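**Q** Going by this note's numbering, the letters in the sequence shown line up with residues 4 to 162, in that order. Glycine included, every Cβ here is placed at the ideal spot set by N, Cα and C. Since we're looking at a predicted model, the values are computed, not measured.
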Amino acid sequence: MICSAVRLEMRSRGDRRLLSSLGFLVLAMSVSGTCVLAEEGAVDSSRTTFHGHVVPILKRSCLGCHSGRKPKGKYSMESLGKLLAGSGRGRTIVPGKPTESLLFRMISGKQKPLMPPRKAEPLSEKDIRMIEAWIKGGARAGTPPAGPEPYSRPPAAQV
Numbered sequence: 004m005i006c007s008a009v010r011l012e013m014r015s016r017g018d019r020r021l022l023s024s025l026g027f028l029v030l031a032m033s034v035s036g037t038c039v040l041a042e043e044g045a046v047d048s049s050r051t052t053f054h055g056h057v058v059p060i061l062k063r064s065c066l067g068c069h070s071g072r073k074p075k076g077k078y079s080m081e082s083l084g085k086l087l088a089g090s091g092r093g094r095t096i097v098p099g100k101p102t103e104s105l106l107f108r109m110i111s112g113k114q115k116p117l118m119p120p121r122k123a124e125p126l127s128e129k130d131i132r133m134i135e136a137w138i139k140g141g142a143r144a145g146t147p148p149a150g151p152e153p154y155s156r157p158p159a160a161q162v
């Protein structure tokens with residue numbers, strides 16, 4: 004009798020320890036998951052630049068319509084200068100103020116016409132947050148990628 008009572012007490016103590024460990028493990032995993040999600044959703048506006056972060060988004064989602072000889076809405080997004088010049092609808096980029104920037108308001112659905120238009124693939128939440136962070140951080144240019152070497156005629160052969 005005593006042995007079975009001790010075994011039962013040990014089992015319940017072991018079960019409690021196991022449950023306690025599992026509870027701690029679940030809590031630790033949920034907290035670490037929250038931290039990762041917070042890190043994935045956050046964009047550091049102090050490091051976000053036009054050339055490093057915004058250009059890839061524009062190439063993927065905007066330049067198909069807003070470039071070339073006849074850009075849609077007579078608004079070209081081919082360069083930072085053109086982007087900052089704005090359009091007839093207002094200031095496209097107000098450095099430091101995303102909510103006053105026409106570009107951010109249109110891509111985030113806060114002002115019509117929505118961009119990209121309904122027939123096109125909308126920007127991902129990550130891309131919208133990246134553009135918001137870039138504007139919030141002052142709409143800095145950053146370093147343009149190194150382009151191809153300019154052409155120069157090879158020296159004439161010496162005879």
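1) Please go through the same chain and pick out, in chain order, the residues whose beta-carbon is closer than 6 Å to the beta-carbon of C65, but skip the five residues on each side of it.
2) I'd like to check one pair, M133 with T51: are the Cβ atoms closer than 8 Å?
3) Check whether the segment 93-107 touches the segment 128-148, counting contact only when three or more Cβ pairs, one atom from each stretch, lie closer than 8 Å.
4) So S49 packs on G140, CB below 8 Å; how close in whole Å?
5) From the DSSP output, in three-state form, read off S90 for me.
6) Out of L117, H69, K129, which one is the CA nearest neighbour of G47?
7) Tell me which residues share the same chain as C68 and place their Cβ nearer than 6 Å to its Cβ, disregarding the 5 neighbours each side in the sequence.
8) Answer with buried or exposed for S127, where buried requires no fewer than 16 other C-beta atoms within 10 angstroms of its C-beta.
9) My understanding is that S119 touches P125, with C-beta atoms under 8 Å, so please give their C-beta distance in whole angstroms.
10) Starting from L105 and walking both ways along the alpha helix (DSSP H), at which residues does that stretch end?
11) Under a Cβ-count criterion, where at least 16 other Cβ atoms within 10 Å of its own Cβ denotes burial, should A142 be classed as buried or exposed?
12) If you follow the alpha helix (DSSP H) that V46 is in, where does it begin and where does it stop?
13) Quick check on DSSP: helix, strand or coil for A136?
14) So, using beta-carbon positions, are P147 and H54 closer together than 8 Å?
15) Nearest-angstrom Cα distance between T95 and G150?
16) Taking 6 Å as the limit between beta carbons, can you name the residues of its chain near S111, skipping five residues before and five after?
**A** According to the structure shown:
1) Here residue 65 corresponds to residue number 62 of the sequence shown, with the count starting at 1. Closer than 6 Å at the Cβ level, and outside the excluded window around C65, lie M80.
2) Within the sequence shown, residue 51 is the residue found at index 48, counting from 1. Within the sequence shown, residue 133 is the residue found at index 130, counting from 1. Going by C-beta atoms, T51 is nearer than 8 Å to M133.
3) yes
4) If you number the sequence shown from 1, residue 49 lands on position 46. If you number the sequence shown from 1, residue 140 lands on position 137. With 8 Å as the limit, S49 and G140 qualify as a contact, their Cβ atoms being about 6 Å apart.
5) As a position in the sequence shown, residue 90 is number 87, starting the count at 1. In this structure, S90 counts as strand in the three-state DSSP scheme.
6) By one-based count along the sequence shown, residue 47 stands at place 44. The sequence shown places Asp at residue 47, rather than the Gly named in the question. Measuring from the Cα of D47, the nearest candidate turns out to be K129.
7) Here residue 68 corresponds to residue number 65 of the sequence shown, with the count starting at 1. Same-chain partners within the cutoff: K75.
8) As a working note, residue 127 is residue 124 in the sequence shown. The residue is exposed, with fewer than 16 neighbouring Cβ atoms inside 10 Å.
9) Counting from one through the sequence shown, the residue named residue 119 turns up at place 116. Counting from one through the sequence shown, the residue named residue 125 turns up at place 122. One detail in the question is off: residue 119 reads as Pro in this sequence, not Ser. With 8 Å as the limit, P119 and P125 qualify as a contact, their Cβ atoms being about 6 Å apart.
10) Taking the first residue of the sequence shown as position 1, residue 105 is located at position 102. 105-110 is the extent of the alpha helix (DSSP H) around L105.
11) Mapped onto the sequence shown, residue 142 falls at position 139. With 16 or more Cβ atoms within 10 Å of its Cβ, A142 is classed as buried.
12) By one-based count along the sequence shown, residue 46 stands at place 43. Element bounds for V46: n/a, residue is neither H nor E.
13) Against the sequence shown, residue 136 aligns to sequence position 133. Reduced to three states, the DSSP call for A136 is helix.
14) In the sequence shown, residue 147 corresponds to position 144, counting from 1. In the sequence shown, residue 54 corresponds to position 51, counting from 1. Yes; because the gap between Cβ atoms is below 8 Å, this pair is in contact.
15) Against the sequence shown, residue 95 aligns to sequence position 92. Against the sequence shown, residue 150 aligns to sequence position 147. The straight-line gap from Cα to Cα measures roughly 27 Å.
16) Looking up residue 111 in the sequence shown gives position 108. Here the set comprises I131.
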